[in-house]
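These notes are about the structure you will find just below.
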Amino acid sequence: MGLGSDMYRQQILDHYKNPRNYGELEDPTFTHIGENPMCGDEIRMDVKLADDEETIERVAFRGDGCAISQASASMLSGKLAGKTIDELHEMDRDDVVDMLGVDISPMRIKCAVLAEKVAQDGAEIYQGELDVDKTTTEDD
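Residue numbering for the sequence shown follows this note's numbering, starting at 1 and increasing by one per position.
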């Protein structure tokens with residue numbers, strides 16, 4: 001492990017201890033919740049779209065779980081602002097791992113991608129393309 005890995009680990013711990021955009025939005029366009037039953041992670045994401053109904057204006061999250069899941073939600077909440085719903089749908093686990101900056105073990109990948117899946121499913125529900133009450137990483 002090099003110095004770069006240590007820097008990213010520190011960044012993950014910082015986002016875990018001092019999450020960005022933690023809380024709730026007053027008037028979100030959509031809200032969705034998800035869980036990783038294997039680890040006990042839970043995340044609820046509020047997304048506010050701009051007037052064009054395509055551009056993500058703000059994201060807030062609340063949740064509880066391991067450092068990886070909560071740091072990922074914190075980082076993602078900042079990264080999504082200004083992106084379109086289509087860009088959100090195009091994201092995959094590699095984008096999340098790149099954002100975190102460290103190798104994630106197969107056992108922890110579900111922790112890392114939970115926030116991404118919650119945001120993506122919330123957008124699909126909003127667009128009428130999906131009908132679920134809660135996202136779960138159980139089927140991944």
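Even for Gly, the Cβ is constructed at its ideal location relative to N, Cα and C.
Which residue marks the beginning of the beta strand (DSSP E) containing Arg93, and which one marks its end? Residue 93 sits at position 93 when you count from the first residue of the sequence shown. Counting along the chain, Arg93 falls outside any beta strand (DSSP E), though it belongs to the alpha helix (DSSP H) covering Arg93 to Leu100.
Mark Gly78 as exposed unless 16 or more other C-beta atoms lie within 10 angstroms of its C-beta, in which case mark it buried. The residue you call residue 78 lines up with position 78 of the sequence shown. Per the 10 Å Cβ criterion, exposed.
Kindly indicate which three-state DSSP category Pro19 falls into: helix, strand or coil? As a first step, residue 19 is located in the sequence shown; it is residue number 19 there, counting from the start. It is coil, neither helix nor strand.
Using only the alpha-carbon positions, how far apart do Gly40 and Leu100 sit? In the sequence shown, the residue the question calls residue 40 occupies position 40. In the sequence shown, the residue the question calls residue 100 occupies position 100. Approximately 20 Å, taken between the alpha carbons.
Could you tell me how far apart the beta carbons of Ile12 and Ile68 are, in whole angstroms, since I believe they sit closer than 8 Å? Numbered from 1 along the sequence shown, position 12 holds the residue referred to as residue 12. Numbered from 1 along the sequence shown, position 68 holds the residue referred to as residue 68. Contact flag correct, Cβ pair sits at about 7 Å.
If you follow the alpha helix (DSSP H) that Asp121 is in, where does it begin and where does it stop? Position 121 of the sequence shown, counted from the first residue, corresponds to residue 121. Segment Ile109 to Tyr126, the alpha helix (DSSP H) holding Asp121.
Under 8 Å: do the stretch 56-68 and the stretch 12-25 share three or more Cβ pairs, one atom per stretch? yes
If we count the other Cβ atoms within 10 Å of its Cβ and call it buried at 16 or more, is Asp133 buried or exposed? Residue numbering aside, residue 133 sits at position 133 when the sequence shown is read from its first letter. By the neighbour-count rule (16 or more Cβ atoms within 10 Å), Asp133 is not buried but exposed.
With respect to the alpha helix (DSSP H) encompassing Asp86, which residues constitute its N-terminal and C-terminal limits? Counting from 1 along the sequence shown, the entry for residue 86 is found at position 86. Here the alpha helix (DSSP H) through Asp86 covers Ile85 to Glu90.
Under the rule that 16 or more other beta-carbon atoms within 10 Å means buried, what is Leu7, buried or exposed? The sequence position of residue 7 within the sequence shown is 7, counting from 1. First, the amino acid is wrong: residue 7 is Met here, not Leu. Result: exposed.
Please return the same chain residues whose Cβ sits closer than 8 Å to the Cβ of Val102, not counting the five positions on each side in sequence. Position 102 of the sequence shown, counted from the start, is the residue given in the question as residue 102. Correct list, in chain order: Ser5, Tyr8, Arg9 and Ile12.
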